[in-house]
Structures are given as structure tokens and as C-alpha cells.
Amino acid sequence: ETGVTQTPRHLVMGMTNKKSLKCEQHLGHNAMYWYKQSAKKPLELMFVYSLEERVENNSVPSRFSPECPNSSHLFLHLHTLQPEDSALYLCASSQYSLPGTYRMNTEAFFGQGTRLTVV
Amino acid sequence: GDSVTQMEGPVTLSEEAFLTINCTYTATGYPSLFWYVQYPGEGLQLLLKATKADDKGSNKGFEATYRKETTSFHLEKGSVQVSDSAVYFCALSGEGFKTIFGAGTRLFVKA
Chain C
1 ETGVTQTPRH
11 LVMGMTNKKS
21 LKCEQHLGHN
31 AMYWYKQSAK
41 KPLELMFVYS
51 LEERVENNSV
61 PSRFSPECPN
71 SSHLFLHLHT
81 LQPEDSALYL
91 CASSQYSLPG
101 TYRMNTEAFF
111 GQGTRLTVV
Chain Z
1001 GDSVTQMEGP
1011 VTLSEEAFLT
1021 INCTYTATGY
1031 PSLFWYVQYP
1041 GEGLQLLLKA
1051 TKADDKGSNK
1061 GFEATYRKET
1071 TSFHLEKGSV
1081 QVSDSAVYFC
1091 ALSGEGFKTI
1101 FGAGTRLFVK
1111 A
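Top line first, the protein sequences correspond to chains C and Z. Position 111 of the first sequence, counted from 1, bears residue number 111 in the working numbering, the numbering being contiguous throughout. Add 1000 to the 1-based position in the second sequence for the working numbering, that's all there is to it.
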């Protein structure tokens, strides 16, 4: 059983819709991630929230907007998506040591993903 | 920057065959190394890990040894089963909080 839960598991949306993906982690981790997995493409890191700092991949379009209200919850807000945005969206969490100590990041724990289809 | 290169798939094997999936990395410092597995319709699951040179990670009959001299972390299994059919990802975690993933290698095991 995963300690990272994503909802919904499947989502079909039109290009004019607004929807949100939700992720919740029960592992006490301090870093959360959104990844995009497309067919025949490597895993693409979209956003990282760690220690209240957000790091993003500058190539991610602005129609994707993350929100991290606390260390256990992460959202990905979707707005006016394109068909090429159809993919599996994976949330993950890990524990990152604080700056000043030996820098170490534990392995990432993944949710089961949301299969998004944009029509 | 840090990177991971793994062999392209798909890899097709018969049941009970020996499996090797090659993985090499580029990183500064002393990264931790991982293998993840993704079954159809699922997220990634950690398969095994190694946190320092010469460590051997093992799980479910799979093994990988952290070779700093060759910057490699090859995945091996002595006898694969149909249930091992999945996509396997090599990954590293170095400085900072990003985990770098390889492109993934799809494994098909035939009965």
C-alpha cells in the first residue's frame, strides 16, 4: 500500500475546462514533486516543493499551476490544456535533509498516478 | 549536471533467463543510486537502492552494485519470471532535492 495517494485516478477533460489533481502523502516527508510521464518520453520533473521553497522546470507551460498548502498536500491546477498534455501525472514525496547538514535525499515514494486525457 | 543513462529497450527474455539492464551515471559528489519498477497502470515503486560505493542493493531476486570506478549500477536477476514484465528505471539522488531518472527500460518476459 502506497503512502502517497493521488486522486482522481483517471480524468477526461475538455480543452476549456479547469480541473485539479490532488496528492496527499502520509509519510511525514518534507518534499513533494509533480512528474509528467508521456508515452515514449522520459519522466519529466514539473515542480518541486521542499522546505516551503518551490522549484519549477522552466519549460512547463503556465496552464499548469501547482499549489502546496502544507507539507502533506500538493495540487496541480489545470487550465485550458492541450491534447498533447494527455499523460500520466505522478506525484512523489521524499525526505530532504536541511541545509547545513550532510545533504541527503531519501528515495522518492510515488503515488499511483492520474491518467489525464485532454479531448 | 547530473545524468543517468540506461540501455534502451525493449528487452525480451524467456522465463528463467538471466537479466542485465545496464545503467551508468554522471554526478558530482556521492549520490545515492536507485532502481524503480513500474507495472502497467501503476506509479513507480522502489525496487532497490545503494547509498555508497561498493554497496549492493537487493530485493525480490534483483541485485545491483554501486560501482564508483565505472560509474555504473547495473540491474541483474538470475532467473526472470513473467511477473517481472514491467518498465525499470535507474535513478540517482545527488546534491539538492531532485531525483534524476533514466529513460526507462521495458522488459517483456515470455512464458
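Idealized CB from N, CA, C, for every residue including glycine. Bear in mind the structure is a predicted one, so any value in this text is a computation, not a measurement.
- Close to G1104/Z, with beta-carbon spacing below 8 Å, are these residues of chain C in chain order: P42 and L43.
- Residue-level contact by beta carbon holds for G1096/Z and chain C, with a gap shorter than 9 Å.
- Contact annotation: in the stretch 1038-1066 of chain Z, residues whose CB is within less than 9 Å of a CB in chain C are Q1038, G1041, E1042, G1043, L1044, Q1045, L1046, K1049 and T1051.
- In the DSSP assignment, Q1045/Z falls within the unbroken beta strand (DSSP E) covering L1044 to A1050.
- At the C-beta level, Y89/C and K41/C stay beyond 9 Å of one another.
- Of all residues in the stretch 45-69 of chain C, the ones placed with a Cβ closer than 7 Å to any Cβ belonging to chain Z are L45, V48 and S50, in chain order.
- Within the DSSP secondary-structure output, H77/C pairs in a beta bridge with S20/C and S65/C.
- Sorting D1055/Z, S1014/Z, A1103/Z and E1008/Z by C-alpha distance to the C-alpha of D1084/Z places S1014/Z at the top.
- Per DSSP, the beta-bridge partners of R1067/Z are S1072/Z.
- Excluding five sequence positions before and after Y1025/Z, the CB atoms of its chain that fall closer than 6 Å to its own CB belong to V1004, T1071 and L1092, given in chain order.
- Selection E1016/Z, T1020/Z and K1049/Z evaluated against M1007/Z yields T1020/Z as nearest (Cα-Cα).
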